[in-house]
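Numbering-wise, the sequence shown is residues 1 to 250 according to my numbering. Where a beta carbon is used, it is the ideal one built from N, C-alpha and C, also for glycine. Contents: one structure, followed by commentary.
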Amino acid sequence: TRPEEWSNGLPDANDNVVFGYPFGDDDAYYLYFPSTILSFEELTFRDDSIFLVLGGQGDYRVIGIPADPNDVATTRIGESVGEHARAEFESGSLHSYGGADLGLVSGSYGAASLSFGSHWTIDGTLRVGRYGTGELAVRYGGDLNTENTVLAAFQNSPSDMSLASAIVTGSGSEWTNSGDLTIAAAGSADLFIVDGGVVNTATATISGGQGYTGSALIVVFGSRWSVPRDLHVGTPGGAGFPSVTGSIDV
């Protein structure tokens with residue numbers, strides 16, 4: 001958090017910030033930020049485990065916005081072939097104005113975990129497994145707010161599909177998606193809501209098309225998935241498998 005700790009001084013709204021570069025060492029780092037306001041143009045996590053401890057009252061923003069909603073997001077976790085990136089948010093708040101991609105390309109892996117009262121707000125689209133493998137976890141009181149989300153978004157070929165999983169677990173852990181949630185748009189994806197976790201989304205689709213497989217598992221009393229508008233299961237050519245011992249409100 002001091003200018004001398006950064007290669008080009010403390011980043012500001014004009015900078016692209018990269019953690020875990022160059023890749024290949026697969027280390028783990030703790031990064032502590034004070035209670036302040038920091039804005040970045042882009043934020044990228046590469047080939048390490050990064051534990052982000054944001055000041056309890058801090059406001060951290062990734063303000064870059066892609067010209068096209070289908071362009072690469074400005075918050076990226078695991079963006080190149082061979083990268084194995086993990087971002088752990090352990091306190092404070094992060095706001096990504098230009099969407100987020102976990103597992104950007106085939107052969108990449110990107111994971112994000114929110115816990116201990118951390119908050120992440122994502123405008124635009126969250127893609128967990130854009131072309132690669134993505135994992136998302138909201139646990140121990142973490143809070144995630146998104147507009148639209150796709151688990152397993154694209155594929156390069158029928159034998160090279162994206163993979164994704166998302167879990168919301170524990171009392172006080174909540175994910176609110178104000179638009180559409182698609183589980184397996186082009187690949188294989190799973191959603192788990194367990195041990196009192198809560199997911200709210202306006203609409204949801206389990207399996208988005210030909211040859212893709214999506215599943216949603218809601219288990220243990222107190223876990224809840226709320227879909228107040230439309231829930232589509234197994235669109236033509238796809239396979240969708242909801243399994244419920246908690247509750248779905250539709």
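Asked	Found
Under 8 Å between C-beta atoms of VAL150 and THR125	yes
Distance between VAL168 and LEU114 (C-alpha atoms, nearest Å)	10 Å
Where ALA67 falls, given that 16 or more other Cβ within 10 Å makes a residue buried	exposed
Strand pairing of ARG46, partner residues [DSSP]	According to DSSP, which records beta bridges pairwise, ARG46 is partnered with nothing at all.
Residue nearest to VAL233 in terms of C-alpha spacing, selected from THR203, ARG224, VAL220, GLY222	THR203
As assigned by DSSP and simplified to three states, the class of ILE63	coil
Buried/exposed call for ASP71, threshold 16 Cβ in 10 Å	exposed
Pick from SER80, VAL62, GLY129, ASP143 that is closest to PHE89, judged by C-alpha positions	ASP143
Euclidean distance between Cα positions of ALA87 and LEU102	10 Å
Straight-line gap, GLU147 to GLY107 (C-alpha atoms, nearest Å)	27 Å
Assigned exposure category for ARG229 - 16 Cβ within 10 Å defines buried	exposed
Member of ARG76, GLY222, THR205 whose CA lies at the smallest distance from the CA of SER215	THR205
SER159 burial status per 10 Å Cβ neighbour count (16 or more: buried)	exposed
Nearest-angstrom Cβ-Cβ length linking ASP123 and GLU83, presumed shorter than 8 Å	With a Cβ gap of about 25 Å, ASP123 and GLU83 do not count as contacting.
ALA153 - containing beta strand (DSSP E), residue span	Run containing ALA153: none; DSSP gives neither H nor E here.
Separation of THR121 from GLY259, as counted between CA atoms	In the structure displayed, the chain extends from 1 to 250; residue 259 sits before or after that span and is not available.
Backbone CA spacing between SER93 and SER207 [nearest angstrom]	31 Å
Option nearest GLY98 by Cα separation, candidates GLU41, SER165, VAL227	GLU41
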